[in-house]
Amino acid sequence: MYRVGDYVYFENSSSNPYLIRRIEELNKTANGNVEAKVVCLFRRRDISGNLNTLADSNARDFEEESKQPTVSEQQKHQLKHRELFLSRQFESLPATHIRGKCNVTLLNETDVLAGYLEKEECFFYSLVFDPVQKTLLADQGEIRVGSKYQAEIPDKLAEGEEDTRIQEKLEVKVWHPDNQLKDPQIDQFLVVARAVGTFARALDCSSSIRQPSLHMSAAAASRDITLFHAMDTLQKNDYDLAKAMSTLVPQGGPVLCRDEMEEWSASEAMLFEEALEKYGKDFNDIRQDFLPWKSLASVVQFYYMWKTTDRYIQQKRLKAAEADSKLKQVYIPTYTKPNPNQIMAPGNKPGMNGAAGFQKGLSCESCPAQSAQWYAWGPPNMQCRLCASCWIYWKKYGGLKTPTQLEGAARSGSSTPRGHMTRQEVQGLSPFTTSGGRAKLLAKNRQTFILQTTKLTRIARRVCTDILQPRSAARRPYASINNALGVMLVKCALNSK
99 MYRVGDYVYF ENSSSNPYLI RRIEELNKTA NGNVEAKVVC LFRRRDISGN LNTLADSNAR
159 DFEEESKQPT VSEQQKHQLK HRELFLSRQF ESLPATHIRG KCNVTLLNET DVLAGYLEKE
219 ECFFYSLVFD PVQKTLLADQ GEIRVGSKYQ AEIPDKLAEG EEDTRIQEKL EVKVWHPDNQ
279 LKDPQIDQFL VVARAVGTFA RALDCSSSIR QPSLHMSAAA ASRDITLFHA MDTLQKNDYD
339 LAKAMSTLVP QGGPVLCRDE MEEWSASEAM LFEEALEKYG KDFNDIRQDF LPWKSLASVV
399 QFYYMWKTTD RYIQQKRLKA AEADSKLKQV YIPTYTKPNP NQIMAPGNKP GMNGAAGFQK
459 GLSCESCPAQ SAQWYAWGPP NMQCRLCASC WIYWKKYGGL KTPTQLEGAA RSGSSTPRGH
519 MTRQEVQGLS PFTTSGGRAK LLAKNRQTFI LQTTKLTRIA RRVCTDILQP RSAARRPYAS
579 INNALGVMLV KCALNSK
């Protein structure tokens, strides 16, 4: 049973790792199918090398700040498979492509990274990835734990000690409760201030367009901005009503005070509602993508004023009605169909889809274990395979348990990935090469290199093809070979010639 808010695996390809998504909505289509609106989370394999470098730097800073215990290189390699990057990108995918649930949490300084390796199907994220801008940013929901986030409390003044601090720099007095005015007098002054505000809006051309009726102008003049201005006026005039009255209506005309609800145009309000629907209460993104000419304070103030309007109530009712028509949960049966990459069923002879694609006794690309079930992995021309356990790890975590040179080739889908050898180059690394005949590397370009073997190595490869199969042995670093037999055969070949 899958519900809104669950983190799930989606399968979009039989050979690629699962996609990890968070369900936002479950909608039933006209033909009876169920579609899931999901938030996209990305793996390290989905982002560029430059962003991976940035993520590595962020990981090192986190380890230093949180004083993480030392982990092995293999654990570091596997931790990269557990790291995800949140995004603001949404997709709609068929619910039938869901393959299971997983757990995704926001990383904080109290977490121990090695603990994620002990839990199955558990991931973490700390950075937000923007697929359009190709950027990585720290998530704003970071839990601030530690001494550097605590307030610095000054020492208490001793009895009789004078306070040498400058009070004007510490605080500003905006109201003095012990004044000579009584509450009825203050209430009367506030009524006069609202009346002046209504008159000021009647004189202002732009205000008359936005509030065409007297009732709307009076309602705008009754909001908090008028109240704040009236109280400030009393404070600045030492609570003298005559002086405060003349300040409200100076010689040039009545003072007009407008808040964000009046400053914003109708089109700007529509943009804000559209941005709020997309980003939620992420005011930084709302301002950056939709309202860059507004300040962040202006956007925040408008939001809280907008929540007091009838427009907000109407949208809230509309969303409630839509939520009633949407599914709260959906049942997806367990997916039991065989994977097309399966190359050997239990009890059958090894082979790729019935063909003799793999030789008996060869080990997994990720581990030295033998298995009764194999899966084709990587580009087809490389003819690699994984055992059942490593295949499940590949599908869920998007990598191999141990770092290998062939993993980059499988990830890129190319036989010549940058920083990795091609299969022909791997075959050229003969196990009979000695330190005295070390191969010379001639750099051809950044992607490939030429391995120039010694004469003894070339003879060994020709003589031992049928017995030791050095090509297959070079592809399987975990499989053991009889080195003594190979040397003996080479010597016999040299003596015969």
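Numbering (the numbering used here), first residue to last: 99 to 595.
Note that CB positions come from ideal geometry on N, CA and C, so glycine has one too.
Only a predicted model underlies this, so the values are computations on that prediction, with no experimental measurement involved.
- The residues Cys462, Cys485 and Ala486, in chain order, have a CB closer than 7 Å to that of Ser469 in the same chain once the five nearest residues on each side in sequence are set aside.
- In the structure shown, Thr552 adopts coil according to DSSP, grouped into three states.
- Cα atoms of Lys414 and Ser155: separation of roughly 43 Å, rounded to the nearest angstrom.
- Straight-line measurement puts the Cα of Asn335 at about 56 Å from the Cα of Pro229.
- Straight through space, the alpha carbons of Ser315 and Ile323 are spaced by roughly 13 Å.
- Around the Cβ of Lys493, a 10 Å sphere holds 16 or more other Cβ atoms; the residue is buried.
- Annotation for Val243: Asn206, Glu207 and Thr208 place their beta carbon closer than 8 Å to its own, counting only its chain and skipping 5 residues before and after.
- If only complete runs of 3 or more residues are kept, the segment 461-507 shows the beta strand (DSSP E) at 472-475 and 482-485, in order along the chain.
- Sorting Gln278, Glu269 and Ser146 by C-alpha distance to the C-alpha of Thr233 places Ser146 at the top.
- For Tyr116, the CB contacts under 7 Å within the same chain, skipping 5 residues up- and downstream, are Tyr107, Phe108, Glu109, Arg197, Lys493 and Lys494 in chain order.
- Boundaries of the alpha helix (DSSP H) harbouring Ala367: Ala364 to Tyr377, taken from the DSSP string.
- Between Arg186 and the set Leu369, Met403 and Leu139, the nearest pair of CA atoms involves Leu139.
- Its chain contains Asn439 as the residues whose beta carbon lies nearer than 7 Å to that of Ser113, once the 5 sequence neighbours on both sides are disregarded; these appear in chain order.
- For Ser224, the enclosing beta strand (DSSP E) has its first and last residue at Cys220 to Asp228.
- Contact check for Ala249 and Phe287: beta-carbon distance about 38 Å, past the 8 Å limit, so the pair fails to qualify.
- With a contact defined as Cβ atoms closer than 8 Å, Gln427 and Tyr105 miss out at about 15 Å.
- Between Pro192 and Glu269, the C-beta spacing is not below 8 Å.
- Counting along the chain, the unbroken beta strand (DSSP E) around Leu234 starts and ends at Thr233 to Ala236.
- The DSSP-derived three-state label of Lys178 is helix.
- Distances from the alpha-carbon of Lys271 to those of Ile441, Pro477, Glu163 and Gln333 put Gln333 closest.
- Cβ atoms of Ala153 and Leu225 come within 8 Å of each other, at about 6 Å.
- Secondary structure note for Glu207: it is in no alpha helix (DSSP H), with a DSSP letter that is neither H nor E.
- As a beta-bridge residue in DSSP terms, Gly198 pairs with Tyr107.
- Counting C-beta atoms within 10 angstroms of its own C-beta, Met480 has 16 or more neighbours from the protein chains shown and is therefore classed as buried.
- Within the segment 260-305, the complete alpha helix (DSSP H) runs of at least 4 residues fall at 265-268 and 281-301.
- Your pair His175 and Pro466 does not check out as a contact, with CB atoms roughly 17 Å apart and the cut at 8 Å.
- Measuring C-alpha to C-alpha distances from Ile441 to each of Trp489, Lys341 and Gly497 identifies Trp489 as the nearest.
- The three-state reading of DSSP puts Ile430 in coil, since its state is none of H, G, I, E or B.
- A straight-line Cα-Cα distance of about 10 Å links Lys417 and Lys424.
- Within the same chain, Cβ atoms closer than 6 Å to the Cβ of Ala212 are found at Val169, the five residues on either side in sequence being excluded.
- Rounded to whole angstroms, Ile384 and Asp357 show a C-alpha spacing of 20 Å.
- DSSP places Phe388 outside any beta strand (DSSP E), giving it a letter other than H or E.
- Here DSSP, grouped into helix, strand and coil, assigns Ile384 to helix.
- Here Ile145 carries a coil assignment [DSSP, helix/strand/coil].
- In chain order, Cys200 place their CB closer than 6 Å to the CB of Glu219, counting only its own chain and leaving out the 5 sequence neighbours on each side.
- With contacts defined by Cβ atoms closer than 8 Å, Phe188 and Val202 do not form a contacting pair.
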